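**Student:** Here it is, the structure in full.
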Amino acid sequence: MQKRKCDFVKKIDGLHFDAGFRKFNIVVKDSVVEEGTECWGATDFDLGTIYLRGTADHDTARETVIHEITHVILAVVGLGGYDRDEMGEEYPDGYIGPTNNEHLTLCLSRGLMGAFNLNKELFELLLSEE
Numbered sequence: 002m003q004k005r006k007c008d009f010v011k012k013i014d015g016l017h018f019d020a021g022f023r024k025f026n027i028v029v030k031d032s033v034v035e036e037g038t039e040c041w042g043a044t045d046f047d048l049g050t051i052y053l054r055g056t057a058d059h060d061t062a063r064e065t066v067i068h069e070i071t072h073v074i075l076a077v078v079g080l081g082g083y084d085r086d087e088m089g090e091e092y093p094d095g096y097i098g099p100t101n102n103e104h105l106t107l108c109l110s111r112g113l114m115g116a117f118n119l120n121k122e123l124f125e126l127l128l129s130e131e
């Protein structure tokens with residue numbers, strides 16, 4: 002028997018996150034698998050899609066969407082990380098070079114402000130209580 006979707010999951014399905022350079026569609030699926038492992042969410046940068054597993058409860062769904070949006074924000078501000086093809090086998094996927102607190106704070110604060118300004122309605126939903 003399949004679990005009923007919570008109201009938040011129903012509302013978020015079909016919305017989008019505007020990253021400035023492209024809109025990422027939010028798609029609810031019965032199953033989300035990344036690198037062979039079932040997970041709550043994933044982001045496909047090539048397709049511009051954020052996936053959310055439909056069986057998530059309100060808090061898990063909200064955290065997952067925010068988590069996936071954070072991946073997009075970090076990529077927008079240049080902290081998306083590199084993959085092995087770019088850096089070589091000695092570096093793990095997602096490698097980010099040395100940085101410091103001020104640089105990270107500047108990148109994240111600007112990325113968050115851009116995200117909030119471009120997605121007011123989406124963030125109202127994300128920050129609402131069930």
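Going by the working numbering, the residue at position 17 of the sequence shown is 18; the numbering climbs one at a time, nothing skipped.
Beta carbons are placed, not taken as given, at the ideal position from N, Cα and C, and that holds for glycine.
Since we're looking at a predicted model, the values are computed, not measured.
1) Give the straight-line distance between the Cα atoms of M2 and F18, rounded to the nearest whole angstrom.
2) Ordered along the chain, which non-local residues of its own chain (more than five positions away) have a Cβ less than 6 angstroms from that of S129?
3) Can R63 and L105 be called in contact, C-beta distance under 9 angstroms?
4) Count the other CB atoms within 10 Å of the CB of N101; is the residue buried (16 or more) or exposed (fewer)?
5) For my contact list, A76 and F46 are in at a C-beta cut-off of 8 angstroms; report their separation, rounded to the angstrom.
6) Given that a residue counts as buried once 16 or more other Cβ atoms are within 10 Å of its Cβ, and exposed if not, what is T38?
7) Give me the Cα-Cα distance between I70 and L107, rounded to the nearest whole angstrom.
**Tutor:** Let me lay it out:
1) In the sequence shown, residue 2 corresponds to position 1, counting from 1. In the sequence shown, residue 18 corresponds to position 17, counting from 1. Because M2 carries a pLDDT of 49, less than 50, the predicted location of this residue cannot be relied on, and no value is offered for it.
2) Here residue 129 corresponds to residue number 128 of the sequence shown, with the count starting at 1. No residues qualify anywhere along the chain.
3) In the sequence shown, counting from the first residue as 1, residue 63 sits at position 62. In the sequence shown, counting from the first residue as 1, residue 105 sits at position 104. Taking 9 angstroms as the Cβ cut-off, R63 and L105 do not qualify as a contacting pair.
4) Residue numbering aside, residue 101 sits at position 100 when the sequence shown is read from its first letter. Counting Cβ neighbours within 10 Å, N101 comes out exposed, since fewer than 16 surround it.
5) As a working note, residue 76 is residue 75 in the sequence shown. As a working note, residue 46 is residue 45 in the sequence shown. Sure, about 7 angstroms apart at Cβ, within 8 angstroms.
6) In the sequence shown, residue 38 corresponds to position 37, counting from 1. Exposed, since its Cβ has fewer than 16 Cβ neighbours within 10 Å.
7) If you number the sequence shown from 1, residue 70 lands on position 69. If you number the sequence shown from 1, residue 107 lands on position 106. Straight-line Cα distance between these residues: approximately 17 angstroms.
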